[in-house]
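What follows is one structure encoded as structure tokens, with my remarks underneath.
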Amino acid sequence: MRILILGSGAREHALLDRLLFEQPSLEVFVGPGNAGMADHSVELDPLDAAAVCEFASARGIDLVVVGPEAPLAAGVTDALRAQGTPVFGPSRAAARLESSKNFAKEVMIAAGVPTGASVETSTIEEVEAALNAIGSPFVVKADGLAAGKGVIVTEDRQAALDHAREYLGSGSVLVEEFLAGPEVSLFVVTDGTEAYPLVPAQDFKRVGDGDTGPNTGGMGSYSPLNWLPAGFEDEVMDRIALPVIRELAARGTPFCGLLYCGLVLTSGGTKVIEFNVRFGDPETQVILPRLTSPLSELLFASATGTLASIAAPEFSPEAAVCVVLASEGYPASPKTGRPIRGLDAAAAAGAKVLHAATRLSGGEILATGGRVLSVVGTGPTIEDARGRAYDAIGKIELEGSHYRTDIARGRS
Ligand code: AMP
Ligand code: GLY
């Protein structure tokens, strides 16, 4: 099988790594990839549907796996399907679950899925009224994709209003009830009819230790979550994932690919905080090392509508912890172009170093963005996995870089 992965982050590196682990001779291309995937990287703009389609037919690609959300919202999957190339990822219409927060709310309400109360607003007066009605802490979300920057959670009413003002010009804004409780990500692979959950993971979104500072794309993750109640996955499948999958099928826009359920365990039950429509980053980096059944088979079955013909994915009880190394200034204004050293020493410490924002230049590996590397430790317990990840990340040198020191701390 020949596979093309679209994207250039640590999530894509984790997918590549897993596919090659299963079948070292597998032909896998990554467009555009990064320094960590240099042997597989191809120059390809994942947003250019025509170029992706042409590459897929010219190279006889059997399966395209879309990493990030932007190509989905741009309709790249629709173009690939139209030419008969199997693709893992939803259509543009179904991807609106992530690309429009208002659409996601509307689908959840229609499907009877538990989520926070919310109001769609299009003027600052409406925002003010909604903030008054819903109360503090205030949650304000841009309707559209905003590269992880569209959401603010704050007790500062003025900051909530300023955030709303920033996005009102380009679309509507959702004011939402604050949901208190631990967050859990559960990924569900579906072909539009059949659906299988992967294992739950937790992402650490704030930049600083103790969940302080601004939200980021994710500073670390771990799995398993041994503290979750028994039957958690079944409950999420029955009350959240399957009703949404059925609702989209009934609308004539079936969802094929990965439904990322972002959940909060509130005192009033599990509620949806967001849907994404692709593998999460950095959760993927800790879920895939635990997978014991073939990933290529799972993705291909979703892409070809044949999930019912394969068994549910299986996972080992082993633990995985991912710590993200970020550039100085991340998330506000990351410094780029600095050299990264110590990668071999980090790998020798027994962790996997997945590249996110890196490029090769004159024999050096340079940082090219905010989240630079994902360092993943595995082991029989969370503490073992955590120890490996931190031993390794301590060996990496990147001037001004930072990482959280409390990922999965105290979680056994
Ligand atoms: P989102 O982009 O919707 O995932 O939001 C980013 C992060 O903001 C989430 O992972 C939560 O940590 C936080 N957040 C979003 N919505 C809420 C909410 N209604 N209540 C509490 N925290 C929220
Ligand atoms: N881990 C958050 C995301 O992938 O959107």
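Take the sequence shown: its position 65, counted from the start at 1, is 130 in the numbering used here, and no numbers get skipped. C-beta: ideal position from N, C-alpha, C; glycine also.
Counting along the chain, residue 226 sits inside the alpha helix (DSSP H) bounded by residues 222-233. Cβ-Cβ separation between residue 418 and residue 387: approximately 11 Å, too far for a contact (criterion under 8 Å). The beta carbons of residue 368 and residue 302 sit about 21 Å from each other, so the pair does not count as a contact at 8 Å. Inclusion of residue 250 and residue 268 in the CB contact set at 7 Å is warranted, their separation being smaller than that value. Pairing residue 410 with residue 460 gives a Cβ-Cβ distance under 7 Å. Taking 7 Å as the cut-off, the Cβ atoms of residue 196 and residue 224 do not count as close. Placement of the Cβ of residue 216 at a distance of less than 6 Å from at least one heavy atom of the ligand AMP is found. When the five nearest sequence neighbours on each side are left out, the beta carbons in the same chain lying within less than 8 Å of the beta carbon of residue 103 are those of 425, in order along the chain.
Sequence-distant Cβ neighbours of residue 158 in its own chain, meaning closer than 6 Å and more than five residues away, are 318. The C-beta of residue 76 has 16 or more other C-beta atoms within 10 Å across all chains shown, which makes the residue buried. When rounded, the separation of the alpha-carbon atoms in residue 163 and residue 217 is 17 Å. Cβ contact annotation for residue 144 (same chain, cutoff 6 Å, sequence separation greater than five): 114, 118, in chain order.
When 110, 82, 146 are compared, the shortest CA-CA separation from residue 136 is found for 110.
DSSP places residue 452 inside the alpha helix (DSSP H), whose first and last residues are 447-458. Listed as beta-bridge partners of residue 340 by DSSP are 326. Annotation: residue 371 to residue 186 spans about 41 Å, alpha carbon to alpha carbon. In this structure, DSSP gives residue 167 a helical state, which the three-state scheme calls helix.
Look at residue 327: its beta carbon is less than 6 Å from one of the heavy atoms in the ligand AMP.
In this structure, the C-beta of residue 434 stays at least 6 Å away from each heavy atom of the ligand GLY. Rounded to the nearest whole angstrom, the CA to CA distance from residue 95 to residue 67 is 11 Å. Exclusion of residue 336 from the 6 Å shell around the ligand AMP follows from its C-beta lying no nearer than that to any non-hydrogen atom of the ligand. The beta carbon of residue 160 lies closer than 6 Å to those of 137, 138, 342 in the same chain, with the five residues before and after it left out.
Nearest C-alpha to residue 359 among 329, 436, 332, 381: 381.
Contact between residue 243 and residue 204 holds: their C-beta atoms lie close to 5 Å from each other, under 8 Å. Under the three-pair Cβ rule at 8 Å, the segment 391-401 does not count as touching the segment 289-307. Restricting attention to 445, 323, 440, the CA atom closest to the CA of residue 416 is found in 440. The beta carbon of residue 303 sits no closer than 6 Å to any heavy atom of the ligand GLY. One thing to note: residue 153 has its Cβ no nearer than 7 Å to the Cβ of residue 172. With fewer than 16 other Cβ atoms inside 10 Å of its own Cβ, residue 247 counts as exposed. Here residue 227 is exposed: its Cβ has fewer than 16 other Cβ atoms, across all protein chains shown, within 10 Å. Residue 346 has its Cβ nearer than 6 Å to a heavy atom of the ligand GLY. Closer than 6 Å to some heavy atom of the ligand AMP: that does not describe the Cβ of residue 109.
Distances taken from the Cβ of residue 170 to the heavy atoms of the ligand AMP include none shorter than 6 Å. In this structure, the straight-line span from the alpha carbon of residue 281 to that of residue 272 is close to 6 Å.
DSSP places residue 202 outside both helix and strand once states are collapsed to three, so it counts as coil. When DSSP states are grouped into helix, strand and coil, residue 280 belongs to the strand group.
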